[in-house]
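In what follows, a single structure is set out as C-alpha cells and then discussed.
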Amino acid sequence: MIKRSFIGLTKPMLKYEVLDAKTPEPVIIQEPKKVSLFLDETFGFKDSILLKIGDKVKTGQKLSLSENSDAYVISTVTGKISSIETLLGDYGKTFTSVSIDVDDNEEIDDQFKTLAPEPTLDIANNFLSGVPGKPSFKIFSDPEKAINTIIVNGTDRDLLVATNQYVVKSDIRAVKSGVRILKKITGINDILIAVPQNLTQDAISSGAQVTPVDSEYPATLPAMMMQSLLGQILPVGQSCEDMGVFFLSAEAVASIGRAFEEGRIPSTKTVTFVNKDGVKSLVSAKIGTPVRDILNTFGVTLNEKDRLIIGGPMTGASIYSEDFPVLADTDAITVQDRDNIPIVSDYPCINCGECVRACPANIPVNMLVRFLEAGQYEEAADQYDLYSCIECGLCSYVCVSKMPVFHYIKLAKYELGRTTTAEATNA
Ligand code: SF4
Ligand code: SF4
1 MIKRSFIGLT KPMLKYEVLD AKTPEPVIIQ EPKKVSLFLD ETFGFKDSIL LKIGDKVKTG
61 QKLSLSENSD AYVISTVTGK ISSIETLLGD YGKTFTSVSI DVDDNEEIDD QFKTLAPEPT
121 LDIANNFLSG VPGKPSFKIF SDPEKAINTI IVNGTDRDLL VATNQYVVKS DIRAVKSGVR
181 ILKKITGIND ILIAVPQNLT QDAISSGAQV TPVDSEYPAT LPAMMMQSLL GQILPVGQSC
241 EDMGVFFLSA EAVASIGRAF EEGRIPSTKT VTFVNKDGVK SLVSAKIGTP VRDILNTFGV
301 TLNEKDRLII GGPMTGASIY SEDFPVLADT DAITVQDRDN IPIVSDYPCI NCGECVRACP
361 ANIPVNMLVR FLEAGQYEEA ADQYDLYSCI ECGLCSYVCV SKMPVFHYIK LAKYELGRTT
421 TAEATNA
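If you're matching positions, the sequence shown starts at 1 in this note's numbering and goes up one per residue.
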C-alpha cells in the first residue's frame with residue numbers, strides 16, 4: 001500500500017450554508033399514521049424473533065429481534081406492529097424494517113426513566129444508540145481504540161445543510177448537558193465543539209472548548225478537521241478513532257443531554273429539507289416518519305425522473321420510495337427536479353486532471369478511476385491511494401466527462417470491506 005498521507009489541501013471551491021439569525025423555526029411535521037424503524041440486522045431466524053406482527057408497543061420501548069442480539073431500535077410511537085421485513089440498502093447492505101401503526105393514545109415505556117438518574121456508559125449504549133444524531137457508544141469500550149478526545153460537530157457535513165448548526169443555535173443548553181454527561185460516563189475531559197465562525201459565541205456555554213471551522217467545503221469532514229483543529233494527519237487506511245478521536249454530532253450530544261435530564265428518550269429529528277427550487281427549510285419530524293409526509297407538508301409532487309436524496313448534494317444517496325422513513329442520522333432530504341439533475345454519462349475519462357486538482361487528499365483520481373471502472377479494487381487501493389479518500393465527492397462534481405467517480409469509490413470500498421470480513425470469518 002502507498003504510504004502517502006493526505007495533505008496539501010487544494011483550494012476549496014464551495015461554501016457551506018451558514019445559519020443566520022433570520023433562520024425560521026422548523027416546520028413541525030404532524031405525527032404520522034405509521035412509522036418505519038430500521039434495525040441494523042437481518043430478519044430471518046424465525047425461532048429467535050422477539051417481535052411479531054400485531055404486538056403492541058409503547059413509545060420509548062426497546063425492540064430487538066432476539067435475546068442474543070445487540071441491535072435494537074427504540075419505538076418512537078405507541079401502536080401495533082404491522083410488518084417486519086428485510087430490506088436491501090445501498091451496496092447490498094441489508095436491514096430489518098419494523099412498521100408500526102400509530103395509536104391515538106400514547107403510552108410511555110418507563111424502563112429508561114428508572115435508570116436515567118444515574119447515567120452510565122452501559123445505559124447510554126443500551127438505550128440511546130438510536131436517538132436523533134445516532135451516537136455510537138461501543139467505541140468507548142473497544143480495547144483497540146483508545147479514545148482520548150471527543151469532537152462535538154456543530155457544523156454540517158454537506159452543502160445546503162444546517163441541521164447541526166440549528167441545534168447549536170437553538171439548544172445549547174441540551175448540548176451542555178450532553179457534554180457534562182459524556183465527561184462523566186466516558187471519563188474523557190478533552191471535549192471540543194467545532195462550529196462555524198458565526199456560532200462561536202453561541203457555543204461558548206457548551207462547556208466544551210470552542211474551535212471555529214472554515215466555511216469552505218469540505219472543511220467539516222472529520223479527516224479535514226483532524227488536520228485543521230488538531231494538527232493530525234490521518235495515515236492511509238487509518239480512521240479518526242484509530243488516532244483516539246471520536247466525532248459526535250451536536251444533535252447527538254443534545255439528545256444524550258435531554259435523555260438523561262428528562263428521563264425520556266428523544267425521538268424527534270431536525271432535518272434540513274431542500275425543495276426542488278433549492279429553497280431550504282428546517283423541519284422537525286418523528287424518527288420513522290415517511291418522507292412522503294414531509295413532501296405533502298410542503299405540497300411537493302414528484303414527477304417521473306425527479307430525484308429524492310437522503311443527505312446533501314455532494315454526498316447524499318438517492319432513495320426510490322416516498323415511504324422511506326426519516327432515520328436517526330437523516331440530516332437532510334433533498335428533492336431534485338428532473339431538469340436540474342446533474343447528468344451522469346458513460347463518456348470515458350479524457351484525462352483532463354480536474355479531479356486531481358480538486359481532490360483535497362491529493363489522490364491521482366484520474367488513474368484511480370481507471371482501476372475502479374475495471375473492478376480492480378485491490379490495485380486501486382495498493383497503487384492509487386483509494387483509502388486516502390475522505391469521501392467529499394468533489395471529483396464527481398468537477399468531472400468534465402460526468403463520470404460517477406465518487407460512486408465508484410464507495411462501491412470499491414464496500415467490496416473490499418466485504419472481502420476483508422469474509423476472509424476474517426473464514427480464517
Ligand atoms: S471523493 Fe474524490 S475528491 Fe474527494 S477525497 Fe475522494 S477521491 Fe478525492
Ligand atoms: S475529471 Fe473526469 S475526465 Fe477529467 S481526469 Fe478526472 S475522471 Fe478523467
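Positions of the beta carbon are idealized from the N, C-alpha and C atoms, including for glycine.
DSSP has Val-161 in a bridge; who is on the other side? Answer by DSSP bridge pairing: none, since Val-161 is not bridged.
Distance check for Lys-305 and Phe-371, CA to CA, integer angstroms please. 30 angstroms
Between the beta-carbon of Cys-399 and the beta-carbon of Pro-360, is there less than 9 angstroms? no
Quick test of the definition: if touching needs 3 or more C-beta pairs under 8 angstroms, does the region 235 to 252 touch the region 104 to 116? These segments do not touch.
Who sits around ligand 2, taking every residue whose Cβ is closer than 7 angstroms to one of its heavy atoms? Cys-349, Ile-350, Asn-351, Cys-352, Gly-353, Glu-354, Cys-355, Val-356, Val-365, Asn-366, Val-369, Cys-395, Val-398, Cys-399, Val-400, Ser-401, Met-403, Val-405
Which of helix, strand or coil DSSP assigns to Ser-129: coil
Residues near Val-405 in its chain [Cβ-Cβ closer than 7 angstroms; skip 5 each side]: Excluding positions up to five away in sequence, the list reads Cys-355, Val-365, Val-369, Cys-395, Ser-396, Cys-399.
Quick check: Gly-263 and Ala-116, are their CB atoms within less than 9 angstroms of each other? yes
If you measure between the beta carbons of Ser-75 and Thr-86, is that distance less than 9 angstroms? no
Compare the Cα-Cα distances from Val-253 to each of Tyr-217, Met-224, Ile-181 and report the closest residue. With distances taken between Cα atoms, Val-253 lies closest to Ile-181.
Indicate whether the contact test is met: 3 or more Cβ pairs, each with one atom in the region 409 to 424 and one in the region 371 to 382, closer than 8 angstroms. Contact between the region 409 to 424 and the region 371 to 382 is present: three or more C-beta pairs spanning the two stretches fall below 8 angstroms.
Near ligand 1: Gly-393 beta-carbon under 8 angstroms from a heavy atom: yes
In chain order, which alpha helix (DSSP H) runs of at least 4 residues are fully inside the region 351 to 383? Within the region 351 to 383, the runs of alpha helix (DSSP H) that reach at least 4 residues and sit entirely inside it are, in chain order, 354 to 358, 365 to 373.
Hey, is Pro-360 close to ligand 1, as in C-beta under 8 angstroms from one of its heavy atoms? At a threshold of 8 angstroms, Pro-360 counts as near ligand 1, since its beta carbon sits closer than that to one of the ligand's heavy atoms.
Three-state secondary structure (DSSP) of Lys-305: coil
Can you tell me which residues form a DSSP beta bridge with Val-245? Thr-149
Distance between Gly-417 and Asp-331 (C-alpha atoms, nearest Å): 25 angstroms
Quick one: measure Cβ to Cβ for Val-344 and Pro-196, integer angstroms, because I've assumed they're closer than 8 angstroms. Incorrect: roughly 31 angstroms between the Cβ atoms, too far for contact.
With Ile-326 and Gly-288 assumed to form a contact (beta carbons below 8 angstroms), what rounded beta-carbon distance in angstroms separates them? The sequence shown places Val at residue 326, rather than the Ile named in the question. Going by Cβ atoms, the distance from Val-326 to Gly-288 rounds to 7 angstroms, so yes, they are a contact pair.
Can you tell me whether Val-335 is helix, strand or coil according to DSSP? strand
Is it the case that the CB of Cys-389 approaches a heavy atom of ligand 1 more closely than 8 angstroms? yes
Examine ligand 1 and report whether any of its heavy atoms sits within less than 8 angstroms of the Cβ of Ile-147. no
Is there at least one non-hydrogen atom of ligand 1 closer than 8 angstroms to the beta-carbon of Pro-235? no
Excluding the 5 residues preceding and the 5 following Thr-200 in the sequence, name in chain order all residues of the same chain whose CB lies nearer than 7 angstroms to its CB. Val-210, Pro-212
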